[in-house]
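First comes the structure, then the notes that go with it.
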Amino acid sequence: MKKNIIIFFFLLFMTVPISQPRASLNLENVVQNRLGNDNISVSVRDVVTGEILYEKNGEIAMKPASTLKLLTAAAALDILGSNFRFHTKLYIDGDIEGQILDGDIYIKGEGDPTLQKRNFEAFADALKHYGIQSVTGNLYGDDTVFTGSQLTPGVATSDESYYYAARTTALTMSPDNDYDAGSIIIHVTPSSIGKAPIIQADPSLSGMTVINQAKTVAAREETTIEIERQHRSDTIVITGNVPVGEPFKDWVTLYDPTINTLHAVKETFEDSGISFATKSEIKRKKVPIDAQMIYAKHSVPLKNLIVPFLKLSNNSIADILVKTIGKETYGKGRTDYGVKALTSYGTAIGLKMDQWNLEDGSGISHENRVTANELSHLLIKVKYEPNFKIFYESLPIGGRKDRLIGGSLRKRFQVEPYKNHVVAKTGSISGVYTLAGYVKSNSGKTYAFTIMTQNQSIPALNSIDEVVKNIISKY
């Protein structure tokens, strides 16, 4: 195994001599022409020596957007371990008399972002294994592993409906295999012209209110559907037009993921033939010490979860990981303690954490700051970590069309000689566009790079890509 790791690093970072001064001069011209001097920060390092070969405003702290996930992924792999799994546990508390549980059911979460409604069928089977067909008491959710705000710091009120700003608790369900925890998918299917379209939620949940103000219009008219959740509620309002023959879907967040998850559990139990008393309620409550655990659902290992996290830039996974490393390191499953753990990890591997200002682990906050030189420094330091191969192979690959290979770079660097040469994390929030990772030049040498832009009135993706293409061609 050790021999294979050595071979992996040799092939990945093999070097050949090149003319650095001329390459840096070419890169400076491209940076000047494409990005200018202001509101940009660029850093390019030799991936073997760590030497800075080119920088532009490399010591100016800027907003990293989702390139901050590089630190979160590295820290989570180090602190939790690549085989770490989340667990969601089913408890019963009471006496079983015949087919009746005279007592309560508890679901205890640890933050598993892979938890989906279909998993609750196994929970129902576990109850049936004990002969339970009816419950006299309540259904409780224990989400006490995480504390503090469900909402990530820095999320604007106007963004709270959107999946990238989802709330997360220790008992949060995902609607899909991308693990967009804390959201559901709303399907809008056109009906007859002039009539309201058909609305379906996936997963379907009681406890939600849907206000359908949308309209079906003629084919080839513009789709103008808007799906928003009213502030501080689980009322979802759908407006706009959907043309005949053009069904529409979008993700929308849930106001209280724990309660919504419990509704999904109860619906699944009832669909499987397990009934609840009329007076039964859905509530939060800590599992009693003498309750009996009868089943546990386990997530995929962290090494597998890191793939959709980095490839698809999943903010929900970022928030859950940050709270989890806070719990693991300091006994507090809160974002601020997770940020403290990120800082501690960065210091431990030799980063200058005084050049980082962290508010979350996803990069969604406009208060996050880091210098390009420090972000490229992270890319050098993490190369010596035991889990680097997992980290590296979970990054998006430029030009690869498969979503779980190319990820957020699948539509960039699509043509030769650039395809497959860029392995990097993208980032974007309002006015901010960033890219950080590894690039292999035509000379065969690999570089660590960071490019950050902010206060951009138009997207800077093409300009960023031209800078990276220059590295490929000239270095």
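As numbered in mature numbering (1 follows the signal peptide of the UniProt record, and there is no 0), residues -19 to -1, 1 to 456 make up the sequence shown, in order.
Quick reminder that beta carbons are idealized off the backbone N, C-alpha and C, glycines included.
Two segments are said to touch when three or more pairs of C-beta atoms, one from each, lie closer than 8 angstroms; by this definition the segment 156 to 164 does not touch the segment 217 to 229. Taking Lys98 as the centre and dropping the five residues before and after it, the same chain places the C-beta of Pro184, Ala245 closer than 6 angstroms to its C-beta, in chain order.
If you look at Arg210, you'll find it in the beta strand (DSSP E) that goes 207 to 210.
Inter-residue distance for Ala417 and Thr407 is about 7 angstroms (C-alpha atoms, whole angstroms). Lys260 and Gly84 have their C-alpha atoms spaced approximately 12 angstroms apart. If you look at Ile219, you'll find it in the beta strand (DSSP E) that goes 216 to 220. Less than 8 angstroms divides the Cβ of Ile263 from the Cβ of Leu120. Arg350: not part of any alpha helix (DSSP H); member of the beta strand (DSSP E) spanning 350 to 352, first to last residue. A residue is called buried when at least 16 other Cβ atoms come within 10 angstroms of its Cβ; Leu6 does not meet this threshold and is exposed.
When the five nearest sequence neighbours on each side are left out, the beta carbons in the same chain lying within less than 7 angstroms of the beta carbon of Ser22 are those of Lys37, Asn38, Gly39, Ile41, Met43, Thr352, Ala353, Met433, in order along the chain. Taking the C-beta atoms as reference points, Lys304 is found no nearer than 8 angstroms to Tyr311. In this structure, Lys421 sits near Thr427, with a CB-CB distance shorter than 8 angstroms.
Membership of Leu283 in the alpha helix (DSSP H) is indicated by the continuous run 283 to 292. In this structure, the alpha-carbon of Asn241 lies about 44 angstroms from that of Val449. Contact between Lys278 and Thr150 does not hold, since the beta-carbon distance rounds to 16 angstroms and is not under 8 angstroms. Along the segment 381 to 408, the alpha helix (DSSP H) occurs as fully enclosed runs of 4 or more residues at 384 to 387, listed in sequence order. Gln194 sits exposed, since fewer than 16 C-beta atoms from the chains shown fall within 10 Å of its C-beta. For Gln181, DSSP records a beta bridge to His168. Restricting attention to Leu286, Glu447, Thr249, the CA atom closest to the CA of Leu61 is found in Leu286.
Relative to Lys50, the option among Phe394, Ile439, Leu360 whose CA is nearest is Leu360.
Per DSSP, the continuous beta strand (DSSP E) segment holding Glu78 begins and ends at 68 to 78. Burial state of His358 is buried, judged by a 10 Å Cβ sphere holding 16 or more other Cβ atoms.
By the C-beta criterion, the segment 226 to 235 is judged to be in contact with the segment 200 to 214, since at least 3 inter-stretch pairs fall below 8 angstroms.
Sequence-distant partners of Ser187 (beyond 5 residues in either direction) whose C-beta falls short of 7 angstroms from its own C-beta, in its chain, are His244, Glu248. A distance of 8 angstroms or more separates the beta carbons of Ser346 and Ala105. For the pair of segments examined, the segment 107 to 120 was found to touch the segment 65 to 81: the number of CB pairs separated by less than 8 angstroms reaches three. By the neighbour-count criterion, in which a residue is buried when 16 or more other Cβ atoms sit within 10 angstroms of its Cβ, Gly79 is exposed. Within the DSSP bridge table, the entry for Lys264 names Tyr121 as partners.
Counting only the Cα atoms, Asn338 lies some 5 angstroms from Asn349.
For Asn443, the closest of Gly387, Val11, Lys89 by C-alpha to C-alpha distance is Val11.
The beta-bridge partner set that DSSP reports for Leu82 consists of Ile77, Val116.
Nearest C-alpha to Gly388 among Gly425, Ser438, Asn295: Asn295.
Approximately 5 angstroms separates the beta-carbon atoms of Ile306 and Gly319; this is inside 8 angstroms, confirming the contact. Ser155 and Lys370 have their C-alpha atoms some 27 angstroms from each other. Around the Cβ of Glu141, a 10 Å sphere holds 16 or more other Cβ atoms; the residue is buried. DSSP places Ile192 inside the beta strand (DSSP E), whose first and last residues are 190 to 193.
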